[in-house]
Amino acid sequence: MKKTVSLAVSLAIAATCAVGVALPAHAADATGAATASSQSLQSAIDTSTLPPRLKALADKILAKLPADWQSRAKAAAAKYGIDDSQWSELRDSVINPDDYQCPSTGLKTWARSLLMGAEDPFAIFMLSIFDGFNLPTYDALIFGRESKSNKFGVNGEYTQELTSEMKNLKRFWDINSADIQLVPLHGADVFSSPERVARTLSVLYGGTPESQLDLAEMFIELVDMEPILKGGANPIFSFNAFAHSEKRNPGTGVSDRIVMGDGILQGMSAVGLGDVAPRAIEAHEFGHHVQYQDDLFVSDLTWAEATRRTELMADAFGTYYLTHARGEALNTKRLLDSEQSFYEVGDCGFDNPGHHGTPNQRLAASSWAASVANDAANQGHILPSLKFAGQFEAKLPDLVKPDAG
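Those letters in the sequence shown? Residues -27 to -1, 1 to 378, per mature numbering (1 follows the signal peptide of the UniProt record, and there is no 0), in order.
The following block contains the structure:
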């Protein structure tokens, strides 16, 4: 899954608009690709229409930020692979949305509810403008470390399951995976610690962690201003899971890792998939590490078709492992739940180069991979990753063929 919290920004704007209030002047520019980054702060963000308390806080934050804060945030996103641009200007995808069924899913419905009913939607909107929803992701990516004390899930309920599966995945696939770390992503832990917020702000906006402590306190105050954010415990702050490759993102000083967010685990549990989905997500992200090491990101496809191929292949790697007798060996019911997990995170962003495949396509890729494992004559044999990838490439045109009508 792409390292993005653009969903948080989208939901923030949706929540703001849902209660019938006007956005601050120039807000539309700031929510796109940050095109106003070269302008002065006050021309990029006009706080005059904000409620008094929020205006005072926003003005204090703006006064503390460097003049080029937007371009610095964009540079950090590019450096660490966290890019929340919707690439809305790219409308010329070769994928025709009219050719595909694209149903909504329970997970998307649940996610859309996370910010609805906000008492102060302007606070949510301003937090998104200041990249506040990204802070827990940066914290986990840059400062997170694998440790026996780590907990996965809000109450640590997935800790044993995910750490055990990580060991199994490393044994299963034929790549050098000894150094891949498994790291949790929490929200409330970050916003309860000014020091953690400050060190992340220093990465985004420069300065030392010590010099950013005042700004960190302001960000925490902004989060606390809106009750629905629950001091950072709202799942929207950790609604993510992703793989990071040092090879693919050189110069960051960040080692190979898989980051698992509480929010995505909560979401899967909310739609009845908490028993299997955590393992399915982790297996998918490990599939990306197989792709990294086998150079499987290389393709003649472009834009949305290229990322769709990448994500469907990771679904296939994940399901093959989950189904295989020497992997998780899921029974029929759990296998169906794992396939449903991939279906739930399908999207219809046909004009977005971050497109992951429609729900039906993701289900098809997962079902195909399960059949490869189940139909093998030798149930104890694990296909080499490159051979499995070759079989996937041959099957891909069938997996993505139009299904509407």
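In this text, a Cβ means the ideal position worked out from N, Cα and C, and glycines have one as well. In this text the structure is predicted, and so the values were computed from the model without any measurement.
Q.
Taking the alpha carbon of residue 264 as the reference point, which residue from 354, 285 and 275 has its own alpha carbon closest?
A. 285
Q) Are the region 202 to 214 and the region 157 to 171 touching by the rule of at least three beta carbon pairs closer than 8 Å? A) yes
**Q.** DSSP state of residue 169 mapped onto helix, strand, coil
**A.** helix
Q | Alpha-carbon spacing of residue 196 relative to residue 190, whole angstroms | A | 10 Å
Q: Starting from the N-terminal side, write out each stretch of the alpha helix (DSSP H) that is 4 residues or longer and does not extend beyond the region 222 to 300.
A: 235 to 243, 250 to 267 and 276 to 296
(Q) Checking the sheet assignment: what are the DSSP bridge partners for residue 156? (A) 232
Q: In angstroms with no decimal places, state the Cα-to-Cα distance between residue 383 and residue 39.
A: Look at the range of the chain in this structure, -27 to 378, and you will see that residue 383 is not part of it.
Q: Note down the Cα distance separating residue 334 from residue 365, rounded to an integer number of angstroms.
A: 13 Å
Q) By Cβ distance below 6 Å, which residues in the same chain neighbour residue 79 in space, the five residues on each side in sequence not counted? A) 244
Q) Which same chain residues, not among the five before or five after residue 259, have their C-beta less than 6 Å away from its C-beta? A) 142
Q | Buried or exposed (CB count within 10 angstroms, at least 16 for buried), residue 81 | A | buried
Q | Collapsed DSSP secondary structure at residue 215 in the structure displayed | A | strand
**Q.** N-terminal and C-terminal residue of the alpha helix (DSSP H) that residue 79 is part of
**A.** 79 to 85
Q. Taking all protein chains shown into account, do 16 or more other C-beta atoms lie within 10 angstroms of the C-beta of residue 236, making it buried, or fewer, making it exposed?
A. buried
Q. Around the C-beta of residue 188, are 16 or more other C-beta atoms found within 10 angstroms, so that it is buried, or is it exposed?
A. buried
**Q.** Same chain only: Cβ atoms within 6 Å of residue 338, ignoring 5 sequence neighbours per side
**A.** 285, 288, 289 and 372
Q) What is the DSSP secondary structure of residue 185, reduced to helix, strand or coil? A) helix
Q.
Which residue wins for smallest C-alpha separation from residue 103, given the options 43, 140 and 130?
A. 43
Q | Separation of residue 32 from residue 85, as counted between CA atoms | A | 29 Å
Q) When DSSP labels each residue in this structure, what does residue 345 get in the three-state scheme? A) helix
Q. Are residue 230 and residue 133 touching if we call contact CB-CB under 8 Å?
A. no
**Q.** Length of the line joining the Cα atoms of residue 49 and residue 35
**A.** 18 Å
Q: Could you give the DSSP three-state label for residue 333: helix, strand or coil?
A: helix
(Q) Let me confirm a value: residue 122 is counted as buried when at least 16 other C-beta atoms fall within 10 Å, else exposed. Which label applies? (A) exposed
(Q) Let me make sure I understand the geometry here. Which of 145, 233 and 128 has the alpha-carbon closest to that of residue 292? (A) 145
Q.
Using only the alpha-carbon positions, how far apart do residue 267 and residue 204 sit?
A. 41 Å
(Q) Tell me whether the region 217 to 232 and the region 108 to 117 touch, counting them as touching only if at least three CB pairs, one residue from each stretch, are closer than 8 Å. (A) yes
Q. Looking at residue 90 and residue 201, is the spacing between their C-beta atoms short of 8 Å?
A. yes
Q: Put residue 137 into one of helix, strand or coil per three-state DSSP.
A: helix
**Q.** Anticipated Cβ contact below 8 Å, residue 379 with residue 297, distance rounded
**A.** Not covered by the structure: residue 379. The range shown for the chain is -27 to 378.
Q) CA-CA distance, residue 219 and residue 358? A) 20 Å
Q) By Cβ distance, which residues of its chain are closer than 7 Å to residue 228, with the 5 residues on each side in sequence left out? A) 152, 154 and 219
Q. Going by the CB atoms, is the gap between residue 27 and residue 96 shorter than 8 Å?
A. yes
Q. Going by the CB atoms, is the gap between residue 239 and residue 345 shorter than 8 Å?
A. no
Q) Can you tell me whether residue 374 is buried or exposed, with buried defined as 16 or more other CB within 10 angstroms of its CB? A) exposed
Q) Is the distance from the Cβ of residue 138 to the Cβ of residue 252 below 8 Å? A) yes
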